[in-house]
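Residue numbers (this note's numbering), protein chains in the order written: chain A, 19 to 366; chain U, 262 to 459. Beta carbons: idealized from backbone N, C-alpha and C, even for Gly. Take a look at the structure set out below.
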Amino acid sequence: MKNKTGVFLFLLVCILATSAFVQNGKDFPAFPEKKYKGNFSRPASVRLLGRMLFYDPILSADSSISCASCHSPYNAFAHTDHARSHGIHDSMGLRNAPSLFNLSYHPSFMWDGAINHLEMQSLAPITHSGEMGESVSHVLGKLRRQAIYRHLFADAFSDTAPSIPGMLKAIGFFMAGLESKSSKYDSVAAGKTVFTEQERKGHLIFIRHCASCHVPPLFSNFAFELNGLPPDKLLKDFGRMRQTLLRSDSLRFKVPSLRNLDFSAPYMHDGRFKTLTEVINHYNIPRNPSDYVSGELKRNMALTAIQKTDLLAFLLCLNDRRFVFNAAYQYPRNELDSLKKRLGSPAK
Amino acid sequence: MIEMQKAKETNIAFVFSINTDKKDSMQWDVLRFYVSLVQICSQGKIIASDSSGYHLIDLNDSLRNSFTLKTPISEAFDEVRFCIGVDSIASTSGAMEGDLNPSEHMYWTWQSGYIFVKMEGKVKRNPFEYHLGGYAFPNKAIQELHFDTGGLHKLRFAFDAHHFFAQLPANFPSVLMRPCREATLLMQHFAAAIHLEK
């Protein structure tokens with residue numbers, strides 16, 4: 019009898035321990051396999067070239083706009099204070115410039131998934147008349163005329179001249195290196211710290227209501243979902259349908275990551291919400307079964323004011339200051355200065 | 262008829278041209294397309310393939326209207342197969358070199374993937390502009406062609422422009438710029454209008 023009780027208790031402990039482990043694994047899943055790795059013999063040189071290009075307005079038709087103009091490092095590589103991205107000649111884009119981080123895990127890019135590979139992503143804004151308005155042949159000519167780029171391309175790609183594939187690979191590789199994995203959430207997941215009581219409650223709300231689309235640790239399932247926002251009458255942006263021409267894809271937009279929200283306002287594909295409170299309130303609206311929203315959003319969240327604050331507290335745990343202020347991601351002033359000295363031209 | 266470039270005689274050469282009927286009063290400003298995944302066959306079996314070759318054919322450029330297979334073929338063959346377009350693997354593999362270099366202006370920046378056939382001009386004074394392609398369902402537009410070669414080593418293919426336009430339904434759009442059902446239909450017509458001259 020004593021033995022049987024001992025075995026029962028042992029099994030009970032095992033079951034509880036396993037259950038706790040599974041729960042922890044479910045709530046804090048590991049990062050998945052990367053979709054894009056980049057395979058270069060001189061990765062540091064390729065990344066430096068990509069970093070130079072990312073911050074250089076030479077990529078735009080009138081040399082006024084760089085990638086960083088709409089993707090500032092201090093805004094988690096988004097465009098703060100602007101609902102939609104700006105282009106040359108003060109043109110306004112269709113959509114809110116998304117944050118750039120953890121892109122090597124994404125299967126597609128842009129709010130409507132228009133781009134299928136990270137290396138090809140930068141081609142779209144460079145050649146778009148409302149963004150950088152440049153042609154690939156013209157930008158290639160500009161790059162080939164600059165000694166710095168001739169040197170950087172040769173260094174990155176084994177003595178080859180500047181080329182469009184090289185430019186695209188380098189920018190893509192630099193963007194792939196923008197990794198945000200140092201938030202408080204990541205520390206909690208690694209067992210280095212714990213949530214406050216408010217954050218813990220917010221985490222539970224998040225798991226119940228948000229995590230099916232904003233799947234951790236990337237906080238997106240990268241699917242195209244119906245967010246319940248009516249289309250802007252002027253913009254007439256119908257999202258994913260623009261690519262597939264399928265009515266079922268009308269008003270579907272790619273689920274954005276929730277990391278670094280504190281740095282990357284405004285929110286949603288057209289930047290219509292300036293604060294996270296507005297976003298939470300939007301998703302907290304009671305829905306009817308006939309509402310044009312994705313399945314999970316049809317379930318009424320019915321969060322109280324306190325619960326909304328708890329959820330907000332959790333979302334702020336996804337801010338990653340080490341990422342946002344990482345000098346290795348910022349304008350390569352020192353590298354550019356030393357390069358100019360080596361090449362014998364005056365440093366700016 | 263655009264003048265054809267003489268290809269090298271040593272290996273199997275593919276030469277493309279366009280046949281137009283003067284009565285149609287056509288003007289071709291652009292006619293470019295990809296030929297890919299060439300296979301050489303004998304009695305139904307593949308004896309050689311050029312799986313990594315993507316050839317951009319430009320019928321307005323006498324230097325780019327032909328290509329020659331790099332690998333010489335020693336065996337007799339009776340059939341050639343190839344695709345018009347770029348397969349989904351190459352379309353989703355990032356920045357490519359050679360004829361797939363985006364600087365060839367055959368890559369769709371906002372819709373991801375290559376323009377398989379780019380044709381611009383006028384027919385009976387009516388302008389048309391067709392950028393045809395699509396590598397993914399439901400608008401997969403790549404076309405497979407196969408021809409009996411009849412012992413020829415220099416393969417001269419002609420695109421019959423009259424046949425192509427004759428297939429178009431009335432009120433067909435004069436501009437297509439994205440993968441769609443109509444673009445796939447035009448790709449089928451384009452492929453059907455290519456024949457091997459013997």
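Look up residue i in the DSSP assignment and give the residues it is bridged to.
| i | result |
| --- | --- |
| Cys-88 (chain A) | Per DSSP, none; premise fails for Cys-88 (chain A). |
| Phe-242 (chain A) | A:Lys-272 |
| Phe-408 (chain U) | U:Val-341 |
| Arg-293 (chain U) | U:Asp-319, U:Lys-379 |
| Lys-306 (chain U) | U:Ser-303 |
| Asn-387 (chain U) | U:Val-384 |
| Ala-96 (chain A) | A:Ser-90 |
| Gln-325 (chain A) | Answer is none; Gln-325 (chain A) lacks a bridge partner. |
| Val-311 (chain A) | A:Asn-245 |
| Val-436 (chain U) | U:Glu-390 |
| Met-319 (chain A) | Its beta-bridge partners do not exist; DSSP assigns none. |
| His-104 (chain A) | A:Met-110 |
| Val-368 (chain U) | As written in the sequence, residue 368 (chain U) is Tyr, which differs from the Val given in the question. Paired residue(s): U:Tyr-375. |
| Phe-291 (chain A) | A:Tyr-285 |
| Asp-311 (chain U) | U:Val-299 |
So which residues on chain A does residue i lean against when the C-beta distance must stay under 8 Å?
| i | result |
| --- | --- |
| Tyr-368 (chain U) | Met-138, Leu-141 |
| Cys-441 (chain U) | Leu-263 |
List the residues of chain U that residue i touches, going by C-beta distances under 7 Å, in chain order.
| i | result |
| --- | --- |
| Val-154 (chain A) | Pro-363, Ser-364 |
| Gly-151 (chain A) | The premise fails here: Gly-151 (chain A) is roughly 12 Å from chain U at the closest Cβ pair, so nothing lies under 7 Å. |
| Leu-158 (chain A) | Ser-364 |
| Thr-145 (chain A) | Thr-370 |
| His-232 (chain A) | Within 7 Å Cβ-Cβ: nothing; His-232 (chain A) doesn't reach chain U, min ~25 Å. |
| His-107 (chain A) | Under the 7 Å cutoff, chain U gives no residues; its nearest Cβ is about 19 Å from His-107 (chain A). |
Could you give the first and the last residue of the continuous beta strand (DSSP E) run that contains residue i?
| i | result |
| --- | --- |
| His-221 (chain A) | From DSSP, His-221 (chain A) is part of no beta strand (DSSP E) but of the alpha helix (DSSP H) over 215-227. |
| Asp-240 (chain U) | In this structure chain U extends from 262 to 459, so residue 240 (chain U) is not present and cannot be described. |
| Ile-403 (chain U) | Segment: none, Ile-403 (chain U) is in no beta strand (DSSP E) and carries neither H nor E. |
| His-456 (chain U) | 455-458 |
| Ser-327 (chain U) | 327-329 |
Which residues in chain A have a C-beta closer than 7 Å to the C-beta of residue i? List them in chain order.
| i | result |
| --- | --- |
| Glu-358 (chain U) | Pro-183 |
| Gln-372 (chain U) | Ala-132, Gln-261 |
Along the chain, where does the alpha helix (DSSP H) that runs through residue i open and close?
| i | result |
| --- | --- |
| Phe-275 (chain U) | From DSSP, Phe-275 (chain U) is part of no alpha helix (DSSP H) but of the beta strand (DSSP E) over 274-280. |
| Glu-152 (chain A) | No alpha helix (DSSP H) contains Glu-152 (chain A), which DSSP labels as neither H nor E. |
| Ser-109 (chain A) | From DSSP, Ser-109 (chain A) is part of no alpha helix (DSSP H); its letter is neither H nor E. |
| Phe-171 (chain A) | 165-174 |
| Glu-353 (chain A) | 351-361 |
| Lys-53 (chain A) | Careful: Lys-53 (chain A) lies outside any alpha helix (DSSP H) and carries neither H nor E. |
| Thr-145 (chain A) | 141-145 |
| Asn-299 (chain A) | 294-301 |
| Phe-123 (chain A) | Before going further, note that residue 123 (chain A) is Tyr rather than Phe in the sequence given. From DSSP, Tyr-123 (chain A) is part of no alpha helix (DSSP H); its letter is neither H nor E. |
| Tyr-203 (chain A) | 202-207 |
| Thr-262 (chain A) | 259-262 |
| Ala-62 (chain A) | 61-72 |
| Ala-115 (chain A) | Run containing Ala-115 (chain A): none; DSSP gives neither H nor E here. |
Which chain U residues sit within Cβ distance under 8 Å of residue i?
| i | result |
| --- | --- |
| Gly-362 (chain A) | Per Cβ cutoff of 8 Å: no residues; Gly-362 (chain A) is ~30 Å from chain U at best. |
| Gly-190 (chain A) | Gly-355, Ala-356 |
| His-89 (chain A) | The contacting residues do not exist; His-89 (chain A) stays about 17 Å from chain U at best. |
| His-124 (chain A) | Near His-124 (chain A) there are no residues of chain U at all, since even the closest Cβ is about 13 Å away, more than 8 Å. |
| His-169 (chain A) | Ordered by position in chain U, no residue passes the 8 Å Cβ test against His-169 (chain A), which lies about 21 Å from the chain. |
| His-227 (chain A) | Near His-227 (chain A) there are no residues of chain U at all, since even the closest Cβ is about 33 Å away, more than 8 Å. |
Closest Cβ-Cβ distance between residue i and chain D: below 7 Å?
| i | result |
| --- | --- |
| Ala-132 (chain A) | Any reference to chain D falls outside this structure, whose protein chains are A and U. |
Please list the partners that residue i has in chain U, where partner means a Cβ-to-Cβ separation under 9 Å.
| i | result |
| --- | --- |
| Lys-187 (chain A) | Gly-355, Ala-356 |
| His-287 (chain A) | Going along chain U, no residue has its Cβ under 9 Å from His-287 (chain A), so there is no contact; the nearest lies around 15 Å. |
| His-100 (chain A) | Chain U residues near His-100 (chain A): none, gap ~21 Å exceeds 9 Å. |
| His-221 (chain A) | Those within 9 Å of His-221 (chain A) in chain U number zero; the least Cβ separation is about 36 Å. |
| His-104 (chain A) | Within chain U, no residue comes near His-104 (chain A); the closest Cβ sits about 18 Å away, beyond 9 Å. |
Between residue i and residue j, how many whole angstroms is the CB-CB distance? I'm expecting something under 8 Å.
| i | j | result |
| --- | --- | --- |
| Gly-382 (chain U) | Gln-449 (chain U) | That pair is no contact at about 20 Å. |
| Ile-76 (chain A) | Met-150 (chain A) | With 8 Å as the limit, Ile-76 (chain A) and Met-150 (chain A) do not qualify as a contact, their Cβ atoms being about 10 Å apart. |
| Ile-301 (chain U) | Phe-338 (chain U) | 5 Å |
| Phe-451 (chain U) | Val-378 (chain U) | 5 Å |
So residue i contacts chain A; which residues on that side make the cut at Cβ distance below 9 Å?
| i | result |
| --- | --- |
| Cys-302 (chain U) | What Cys-302 (chain U) touches in chain A: nothing, since even the nearest Cβ is about 32 Å away. |
Pairing CB atoms from the segment 380-388 of chain U with CB atoms from the segment 407-418 of chain U, are three or more of them under 8 Å? no
Would you check if there are 3 or more beta carbon pairs closer than 8 Å linking the segment 340-353 of chain A to the segment 229-239 of chain A? no
Take every Cβ of the segment 351-363 of chain U, pair it with every Cβ of the segment 178-191 of chain A, and state whether three or more of those distances are shorter than 8 Å. yes
Is it the case that the segment 213-222 of chain A contacts the segment 92-108 of chain A, given that we only count it when at least three CB pairs across the two stretches are under 8 Å? no
Does the segment 160-168 of chain A come close enough to the segment 238-257 of chain A to have 3 or more Cβ pairs within less than 8 Å? no
State whether the segment 271-281 of chain A contacts the segment 118-130 of chain A, with contact taken as three or more CB pairs (one from each stretch) at a distance under 8 Å. yes
Tell me whether the segment 59-73 of chain A and the segment 316-333 of chain A touch, counting them as touching only if at least three CB pairs, one residue from each stretch, are closer than 8 Å. no
Segment contact, 8 Å Cβ cut-off, at least three pairs: the segment 394-408 of chain U with the segment 368-375 of chain U: yes
Could you check whether the segment 306-321 of chain A touches the segment 190-207 of chain A, counting it as contact only if at least three pairs of C-beta atoms, one from each stretch, sit closer than 8 Å? no
Can you confirm whether the segment 98-112 of chain A touches the segment 261-270 of chain A when touching is taken to mean that 3 or more C-beta pairs between the two stretches lie within less than 8 Å? no
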